[in-house]
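Student:
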Amino acid sequence: MIGDPWSFLVHQEAFFGVRRFDDFQRNLNVARNTLTDRLALLVRHGLLKKDVYLTRPQRYEYRLTQRGLDTYPYALALTQWGDQWLSGTDGPPIMLRHITCGKPLVPLGICGSCRRRVHPEDVLINPTSLKGPAPTKDSSLRYSSRPELYTAGRQTSVGRTLAAVGDRWGFFLLWLALAGISKFDHFHRILGIARTTLTARLERLTHEGFLERTLYQSRPARYGYHLTEKGRAFTPVLLTLFEWGKGGPGADAGDVSVLHKACGDPLQIQMVCEHCKEIVDPRDVKVIERPLGQPAKEAR
Ligand SMILES: [Zn+2]
Ligand SMILES: [Zn+2]
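Numbered per this note's numbering, the sequence shown spans residues 76 to 375.
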């Protein structure tokens with residue numbers, strides 16, 4: 076629902092307060108038919124709602140629904156990871172301030188039950204829950220597999236992080252790696268994708284520094300893939316996405332396939348402010364964009 080680059084870019088613009096077709100079109104410099112497709116898709120999936128704001132001529136605007144807003148913890152986790160691992164010497168493209176406590180916002184993933192910080196080694200994923208993607212019902216939709224598109228819109232750590240993961244296969248592989256899967260054949264058996272596709276995705280994640288490849292058998296040569304420190308730091312992203320998925324149609328809201336070893340309860344991650352430990356609500360966050368080479372511009 077939210078993995079395709081154009082859908083992501085449209086959804087991200089909505090978070091920045093964009094509501095009208097022409098504004099989406101201008102900000103994203105996207106073909107009008109592609110934009111029409113993605114807006115309809117996001118409405119169909121319940122992330123945006125379409126309202127009439129002018130009757131003669133008939134004009135519509137698009138607003139985030141609660142389901143759309145519920146992706147916020149996931150966006151915060153992507154932001155935090157991108158700020159930490161992809162900012163380089165320029166620093167993050169966007170600064171966040173937590174209005175609640177007045178401090179710069181550093182999002183932190185905690186267990187909703189014991190309220191302790193979630194460490195990857197404390198995450199227990201039931202191996203019987205592991206499976207590949209459900210067949211998509213949207214046969215009309217052609218997913219783009221050009222990772223660079225994620226950064227075609229305004230510069231955010233969210234877009235940069237998605238570009239590093241590449242596509243939904245990247246997400247599936249990182250989830251399986253977090254669950255402890257390491258062997259090529261095991262990944263292959265669960266995901267059921269072509270071996271060449273799997274090889275390319277594993278190479279990409281290794282190149283981007285999420286995974287490291289180790290030889291575990293020499294004759295014939297067999298390799299295992301394990302999360303690096305950078306890959307383990309991705310855990311809150313995977314867990315917030317998992318949490319959001321549980322709220323979707325056909326999902327089991329009482330899903331207990333992920334446990335927090337530190338307390339033994341089903342793991343429901345929450346993104347809080349590292350400073351005041353309050354759950355972060357998007358209405359309590361001030362966004363300060365820093366376009367390259369221009370002075371910082373404050374926006375809500
Ligand atoms: Zn816990
Ligand atoms: Zn705070």
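Glycine residues also receive a C-beta, built at the ideal position from the N, C-alpha and C atoms.
Using 10 angstroms around the beta-carbon of P290, count the other beta-carbons present and answer buried if the total reaches 16, otherwise exposed.
Tutor: Strictly speaking, residue 290 in this sequence is Leu, with Pro absent from that position. Result: exposed.
Student: Assign E283 to one of two classes, buried (16 or more other C-beta atoms within 10 Å of its C-beta) or exposed (fewer than that).
Tutor: The residue in question, E283, is buried, as its Cβ has 16 or more Cβ neighbours within 10 Å.
Student: I think F96 touches L110, with their Cβ atoms under 8 Å apart; what is that distance to the nearest whole Å?
Tutor: Sure, about 7 Å apart at Cβ, within 8 Å.
Student: Would the C-beta of R191 count as close to ligand 1, meaning under 7 Å from any of its heavy atoms?
Tutor: R191 Cβ: within cutoff of ligand 1.
Student: Return the bridge partner residues of K206 from the DSSP annotation.
Tutor: BP columns for K206 are empty, so no partner.
Student: Check whether the Cβ atoms of H86 and L122 sit closer than 8 Å, and answer yes or no.
Tutor: In this structure, L122 lies closer than 8 Å to H86 by Cβ.
Student: Mind checking R235: buried by the 16 CB within 10 Å criterion, or exposed?
Tutor: So R235 counts as buried.
Student: Any heavy atom of ligand 1 closer than 7 Å to the Cβ of C176?
Tutor: Because no heavy atom of ligand 1 lies under 7 Å away, the Cβ of C176 does not count as near it: no.
Student: Would you list, in sequence order, the uninterrupted beta strand (DSSP E) runs of no fewer than 3 residues that lie entirely inside the stretch 285-364?
Tutor: Entirely contained in the stretch 285-364, the beta strand (DSSP E) runs reaching 3 residues are, in chain order, 286-292, 297-302, 333-335, 344-348 and 360-364.
Student: Rounded to the nearest angstrom, how far is the Cβ of L302 from that of L253, given a contact under 8 Å?
Tutor: With a Cβ gap of about 7 Å, L302 and L253 count as contacting.
Student: Ligand 1 and H335: does the residue's C-beta get closer than 7 Å to at least one heavy atom of that ligand?
Tutor: H335 Cβ: within cutoff of ligand 1.
Student: At which residues does the alpha helix (DSSP H) containing E136 begin and terminate?
Tutor: Element bounds for E136: not the alpha helix (DSSP H) but the beta strand (DSSP E), R134 to L139.
Student: Within a Cβ cutoff of 6 Å, which residues of the same chain sit near L103, ignoring the five residues on either side of it in sequence?
Tutor: For L103, where only same-chain residues beyond five positions count, the Cβ hits under 6 Å are L84 and G228.
Student: Is DSSP giving I185 helix, strand or coil here?
Tutor: In the structure shown, I185 sits in a strand (DSSP, three-state: E or B).
Student: With 16 other CB atoms within 10 Å as the buried threshold, where does T272 fall?
Tutor: That one is exposed.
Student: State the DSSP-derived secondary structure class of L49, mapped to helix, strand or coil.
Tutor: With the chain covering 76 to 375 only, the question about residue 49 has no answer from this structure.
Student: If the criterion is Cβ atoms closer than 8 Å, does the pair H335 and C176 meet it?
Tutor: It is not a contact, given that the beta carbons lie outside the stated cut-off.
Student: Could you tell me which of R138, I354, L117 and V362 sits nearest to V127, measuring between CA atoms?
Tutor: Looking at the Cα atoms, R138 is the closest of the given residues.
Student: Does the Cβ-Cβ distance between L266 and F247 come in under 8 Å?
Tutor: Cβ atoms of L266 and F247: closer than 8 Å.
Student: Identify every residue that forms a DSSP beta bridge with H263.
Tutor: Partner(s): none; H263 has no beta bridge.
Student: Alpha carbon to alpha carbon, how far is V333 from K321? Give it in angstroms, no decimals.
Tutor: Whole-angstrom Cα-Cα distance: 12 Å.
Student: Please determine if the stretch 162-172 and the stretch 343-351 are in contact, where contact requires at least 3 C-beta pairs separated by less than 8 Å.
Tutor: No: fewer than three Cβ pairs fall under 8 Å.
Student: Quick check on the DSSP output: the beta strand (DSSP E) that includes L171 runs from which residue to which?
Tutor: Where L171 is concerned, the enclosing beta strand (DSSP E) stretches over I169 to H173.
Student: Taking DSSP as the reference, what is the three-state secondary structure of R243?
Tutor: Of the three classes helix, strand and coil, the one that applies to R243 here is helix, per DSSP.
Student: In whole angstroms, give me the CA-to-CA distance for R190 and T274.
Tutor: Each residue's Cα considered, the two are about 38 Å apart.
Student: Could you give the DSSP three-state label for L199: helix, strand or coil?
Tutor: Three-state result, L199: strand.
Student: Excluding five sequence neighbours on each side, which residues of the same chain lie with their C-beta closer than 6 Å to the C-beta of L224?
Tutor: Hits under 6 Å: P80.
Student: Given a threshold of 16 other Cβ atoms within 10 Å of its Cβ, counted over all protein chains shown, does A209 qualify as buried or as exposed?
Tutor: Counting Cβ neighbours within 10 Å, A209 comes out exposed, since fewer than 16 surround it.
Student: Note down the Cα distance separating P182 from T315, rounded to an integer number of angstroms.
Tutor: Straight-line Cα distance between these residues: approximately 12 Å.
Student: Specify, as a first and last residue, the run of the alpha helix (DSSP H) that L84 falls within.
Tutor: P80 to F90 is the span of the alpha helix (DSSP H), which, as asked, contains L84.
Student: How big is the Cα-Cα spacing for D359 and P179?
Tutor: Cα to Cα, the separation comes out at about 12 Å.
Student: I need the boundaries of the alpha helix (DSSP H) containing H282, first residue and last residue.
Tutor: Taken as a continuous stretch (DSSP letters only), the alpha helix (DSSP H) holding H282 covers R270 to H282.
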